[in-house]
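There are 2 protein chains.
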Amino acid sequence: MSRPIAIIGGTGKEGLGLALRWAQAGETVIIGSRDAKRAQEAAEKIKQRTGSAAKVSGDTNSAACAATDLLVLTVPFEGHAELLTQLKPAIRPGSIVIDATVPLAASIGGRATRTLGVWQGSAAQQTAELLSKEVVVVAAFHNVSSELLNAEGLVDCDVIVCSDHAEAIPVVQALAAKIPGVRAINGGKLENARIVEQITALLIGMNIRHKAHSGIRITGLPDTAYKTSQS
Amino acid sequence: MSRPIAIIGGTGKEGLGLALRWAQAGETVIIGSRDAKRAQEAAEKIKQRTGSAAKVSGDTNSAACAATDLLVLTVPFEGHAELLTQLKPAIRPGSIVIDATVPLAASIGGRATRTLGVWQGSAAQQTAELLSKEVVVVAAFHNVSSELLNAEGLVDCDVIVCSDHAEAIPVVQALAAKIPGVRAINGGKLENARIVEQITALLIGMNIRHKAHSGIRITGLPDTAYKTSQS
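These protein sequences, in sequence, are chains A and B. Sequential numbering from 991 applies to the first sequence in my numbering. Sequential numbering from 991 applies to the second sequence in my numbering.
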């Protein structure tokens, strides 16, 4: 995968963790932020951890969108719709937009163990509605602990990938499989993102109950269903 | 656990599978059905598989409710509310009612990969609303493949147990842990059942896509969070 990965809202914990793991895997990563300087500082921190050869840079969210056609959204739900509306002109037609947003009730001052009902069904479906029809929306990475991403070692979690664009699913599975320990699984249509997003709220409850960083694994599928760094 | 387990709607695949596993674990099981004869035939089949020493009998749903205070609901969602309303007088105050119902859209002729919105939030919360306040409703067993329960060998799946009655959660965890391979996890309040129920629809989609019998595991929790037959 030679094209750069732009992480929109990439200075948050989840975005930073993904940036770190992909930088470690040799990918070219652009961290996007409202503030270019903050993005550049985040890129510097990742270089400090990964080595100066790491291909990580920082820029504004809109410059990051304009620079590639592979975008990952890691933004809090409270800013999700507004940011997408702002970025829409900067997103190239044909781009893959990977949405990791979880509509936690914490976005409006509620609990992180509850989700908000999104009219379209899920945050990812809201993204699909807000952006151009020529953008390929994929939902993924909701259930991966940002703590584990930012730590060393294997990430003991499966990534469930949902999209109405079947051809984009293996692309995102390959991206997920670059994170050591992760197995990426086809989760079907984008409408299923509503379930995958909500699983995060369930895991957050378990994390609070047990002071842990939980994840999920899907069992019982044939080996070919799981994309890993070995497959 | 000496008290009998009554499985309401126990002649369906999920109910039969649970009955089989608990009979194999030496538990006393009463299979409930609308039709006592069908329930008795189902009990006979389980005895044939488990050995004549198995403590399994069959009866009407209401007789099964009256016979014990530990009930498991494995009924299709289309009959869920009506059946509970009928059974309400037969259910003893203080009973634990374990609801495994998933509100699949298939109940109204839709897809098994989609769920219906239940006004109360989940099938289990509907149960809590329909039954007496003196009944303890627990949601569990939604994600366990009936195919795996009815087969031999380990069931590669965690059971997430949700209830507003914290004291009932370990009781149901212990029951789940009698199924070899299963780990039972506290899933928090009953309101979380909406997430656990929906996971089943996601798994059904994966089963269709891969001709498989999938399940889930929660990773990253401390050992004490997982109740197993060894713990």
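Glycine residues also receive a C-beta, built at the ideal position from the N, C-alpha and C atoms.
Anyone know if the C-beta pair for Gly1048/A and Ala1029/A falls short of 8 Å?
yes
Residue nearest to Ser1097/B in terms of C-alpha spacing, selected from Ile1206/B, Ala1164/B and His1070/B:
His1070/B
For Thr1190/A, the first and last residue of its enclosing alpha helix (DSSP H)
Ala1183 to His1200
Lys1123/A bridges to which residues according to DSSP?
The partner list for Lys1123/A (beta bridge, DSSP) is empty, contrary to what the question assumes.
So if I threshold CB-CB distances at 9 Å, which residues from the stretch 1109-1139 of chain A count as touching chain B?
Ser1135 and Leu1138
Scan the stretch 1049-1063 of chain B for residues whose Cβ lies nearer than 7 Å to a Cβ of chain E and list them as they occur along the chain.
The chain inventory of the structure shown lacks chain E, comprising the protein chains A and B.
What does Gly1178/B pair with, by DSSP beta-bridge criteria?
Cys1152/B
Less than 8 Å between CB atoms is the rule here; does Ala1141/B satisfy it with respect to chain A?
Not closer than 8 Å to any Cβ of chain A, the Cβ of Ala1141/B fails to qualify, so no.
Can you tell me whether Lys1217/B is helix, strand or coil according to DSSP?
strand
At 7 Å on the CB atoms, spell out the chain A contacts of Gly1177/B, in chain order.
Leu1192
Go ahead and pull the three-state DSSP assignment for Ile1081/B.
coil
Whole-angstrom Cβ separation of Ala1130/B and Val1162/B, contact assumed at under 8 Å?
The pair is a contact, with the Cβ atoms about 5 Å apart (cut-off 8 Å).
Tell me where the alpha helix (DSSP H) around Gly1007/B begins and ends.
In this chain, the alpha helix (DSSP H) harbouring Gly1007/B covers Lys1003 to Gln1014.
Cutting at 8 Å between CB atoms, please list the residues of its own chain near Gly1111/A, excluding the five before and the five after it.
Glu1181, Ala1183 and Arg1184
Out of Ala1057/A, Thr1209/A, Gly1100/A and Lys1037/A, which one is the CA nearest neighbour of Trp1012/A?
Lys1037/A
By alpha-carbon positions, which one of Lys1035/A, Ser992/A, Gly1022/A and Thr1064/A ends up nearest to Ser1052/A?
Gly1022/A
Around the Cβ of Asp1025/B, are there at least 16 other Cβ atoms within 10 angstroms (buried) or fewer (exposed)?
exposed
Taking DSSP's pairing of strands, which residues face Leu1060/A in a bridge?
Ile1086/A
Determine the contact status of Thr1105/B and Ile1194/B, defining contact as a CB-CB distance below 8 Å.
no
Which residues, in order along the stretch 1207-1219 of chain B, keep a beta-carbon less than 7 Å from a beta-carbon of chain A?
Arg1207, Ile1208, Thr1209, Gly1210, Leu1211, Pro1212 and Ala1215
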